[in-house]
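For the sequence shown, the positions run 264 to 658 when the working numbering is used.
Even for Gly, the Cβ is constructed at its ideal location relative to N, Cα and C.
Accompanying notes for the structure given below.
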Amino acid sequence: FNISIGITDAFMQAVEKNQDFPLINPRTRAVVKTVNAKQLFDQIIHSAWENGEPGVLFLGTINAANPTPLLGEIEGTNPCGEQPLLPFEACVLGSINLSRMVKPTHGKYEIDWNRLETVIQRAVHFLDNVIDINKYPLPQIERLTKGNRKIGLGAMGLADLLLKFGISYNSEEAIHFTDKLMCFLSQKANEASVKLAAKRGAFPNYQKSIYAQKNEPGYRNATRTTIAPTGTISIIADCSSGIEPLFAIAYKRHVLVEEGLPEINSYFLEIAKKRGFYSERLIEKVSKEGTIQNLNDIPEDVKKVFITARDVSPEQHVKIQATCQKYIDNGVSKTINFPKNATAGDVEKVFLLAYKSGCKGITVYRDKSRVSQVLSVECTCAKQFINNNFSEPPH
């Protein structure tokens, strides 16, 4: 997770106009100091460029989508930034492995929309049950959580799914593909929550919600969808994390084990063997580079599809995030990756693009801007990668 700074629309307007902005004590509401907004924004940008901290939350965008404004203003999120919450509120999250929502047809894949709809319905039902089964540390948390019954159903495995369809993450086609998926996820999650409300009743605070004011259906849950990072559960599910591109084709994961655990994309291994360009020497090259874009041994059509985070332009990262955010009730956890030689000006452009594109927050990371990283590209013996994954890639 990262630390984020809450930024208001008024602050962003002051940045654009290079105006002064008052710093207000949140407890007393008194103005403590007045600063130049652009200069403060530049400090935030420089720090994010320097080591990835802080991220930014666009509080105006977040509160514009607050389903229960009569209960209070949203002032923060969970640690990864995808779940805006009221004080003393909690939310249960779950993610669908998109790479499993396919069926083979004439040697190719297509989305199994019927299966995906069934999984969404069951997941909404499951997450709603979790709210009642959960144990809460404070009565205030239990009261508000059960009053709003927020759930956050999301997705993981998007990068793997794009691979199966032969779509480059760094393309307009990926944006259109993601748009269609997220629209479906949102629509079916909403329908499932309405059906659940017909059986169990709408969430208790429904009459204080924007839905009641607009005469919208009685949802069982004040929110239904969230895109979480899924850093851990995606490992369990053996799929790519959240809506992120592949970090690298081969890399090391540094968690508890100092020397790191080598991992390689099993689908890449499968394609390399099927297409006849697999060799241990190639795997060692891939482990050194992380990306395959500069390797002559690999066919161009494979390079086009096996895109990694460092191969994706920062602007494309933001476009994918904004595409998801159009349909997601809560927030979207996403890291905007930059190459090592990126400038603070590059980071600023992306922050402004995220704000103007309707993102609720943004987190960036410039390669090698920290001494240590959880995931890193390191030259490793091919056998280490193969032994740590599958002796034969899965089919």
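Does the distance from the C-beta atom of residue i to that of residue j stay below 8 Å?
i, j, result
"residue 595", "residue 496", "no"
"residue 540", "residue 512", "no"
"residue 586", "residue 359", "no"
"residue 623", "residue 317", "no"
"residue 365", "residue 443", "no"
"residue 340", "residue 361", "no"
"residue 660", "residue 344", "Any property of residue 660 remains undetermined from this structure, which presents the chain solely from 264 to 658."
"residue 506", "residue 583", "yes"
"residue 460", "residue 482", "yes"
"residue 488", "residue 600", "no"
"residue 349", "residue 471", "no"
"residue 312", "residue 617", "no"
"residue 374", "residue 610", "no"
"residue 492", "residue 457", "no"
Nearest CA to the CA of residue i: which residue from the options?
i, options, result
"residue 568", "422, 300, 582, 335", "422"
"residue 484", "464, 271, 435, 492", "464"
"residue 336", "344, 325, 507, 345", "325"
"residue 327", "417, 621, 424, 442", "621"
"residue 462", "523, 388, 515, 338", "388"
"residue 432", "606, 390, 267, 581", "581"
"residue 467", "309, 285, 331", "331"
"residue 535", "546, 299, 626", "546"
"residue 394", "373, 424, 479, 357", "357"
"residue 514", "500, 486, 549, 400", "549"
"residue 419", "553, 363, 286, 603", "363"
"residue 305", "274, 632, 619", "274"
"residue 234", "619, 588, 631, 612", "This structure cannot settle anything about residue 234, because the visible part of the chain is limited to 264 through 658."
"residue 562", "552, 588, 538, 554", "538"
"residue 508", "329, 533, 434", "434"
"residue 605", "619, 597, 627", "627"
Is residue i buried or exposed, if buried means 16 or more other CB atoms sit within 10 Å of its CB?
i, result
"residue 644", "Residue confidence is low: residue 644 scores 48 on pLDDT, short of 50, so the model does not pin down where it sits. Its coordinate-derived value is still stated next. Residue 644 should be labelled exposed."
"residue 398", "exposed"
"residue 653", "Its pLDDT being 43, under 50, residue 653 is placed unreliably in this model, and the coordinates cannot settle the point."
"residue 378", "exposed"
"residue 417", "buried"
"residue 294", "exposed"
"residue 542", "exposed"
"residue 290", "exposed"
"residue 282", "exposed"
"residue 267", "buried"
"residue 544", "exposed"
"residue 634", "exposed"
"residue 575", "buried"
"residue 656", "Since pLDDT at residue 656 reaches only 43, below the 50 mark, its modelled position is unreliable, and the value read off the structure follows with that caveat. So residue 656 counts as buried."
"residue 573", "buried"
"residue 367", "exposed"
"residue 577", "buried"
"residue 499", "exposed"
"residue 391", "buried"
"residue 381", "exposed"
"residue 588", "buried"
"residue 658", "Confidence at residue 658 is low in this model, with a pLDDT of 44, below 50, so the placement of that residue should be treated as unreliable; the coordinate-derived value is given next. The residue is exposed, with fewer than 16 neighbouring Cβ atoms inside 10 Å."
"residue 525", "buried"
"residue 477", "exposed"
"residue 553", "buried"
"residue 551", "exposed"
"residue 559", "exposed"
"residue 287", "exposed"
"residue 401", "exposed"
"residue 396", "exposed"
Tell me, to the nearest whole angstrom, how far the beta carbon of residue i is from that of residue j; I am working on the premise that it is less than 8 Å.
i, j, result
"residue 354", "residue 269", "About 18 Å; that fails the 8 Å criterion."
"residue 278", "residue 296", "Residue 278 to residue 296, Cβ: 17 Å. No contact."
"residue 571", "residue 614", "Their Cβ separation, rounded to whole angstroms, is 23 Å, which puts residue 571 and residue 614 out of contact at 8 Å."
"residue 629", "residue 315", "7 Å"
"residue 447", "residue 407", "With 8 Å as the limit, residue 447 and residue 407 do not qualify as a contact, their Cβ atoms being about 30 Å apart."
"residue 504", "residue 494", "6 Å"
"residue 566", "residue 556", "6 Å"
"residue 445", "residue 591", "7 Å"
"residue 371", "residue 486", "Wrong, their Cβ atoms sit about 35 Å apart, outside the cutoff."
Closer than 7 Å: is that where the CB of residue i sits relative to any heavy atom of the ligand GDP?
i, result
"residue 512", "Of the ligands one can find in the structure shown there are none, so the ligand GDP has no counterpart to examine."
Check your understanding: Which runs of the beta strand (DSSP E) spanning at least 3 residues fall entirely within the region 343-388, listed in chain order?
Key -> 355-360, 365-368, 371-374
Review point. What alpha helix (DSSP H) runs, 4 residues minimum, are completely inside the region 531-576?
Key: 543-552, 563-568
Review point. Which runs of the beta strand (DSSP E), 3 residues or longer, sit entirely within the region 266-309?
Key: 267-270, 283-287, 294-299
Exercise for review: Please go through the region 446-503 and give each complete alpha helix (DSSP H) segment of 4 or more residues, from N-terminal end onward.
Suggested key: 473-476, 496-500
Review point. Can you list the beta strand (DSSP E) stretches of 3 or more residues lying completely in the region 604-633, in chain order?
Key: 624-629
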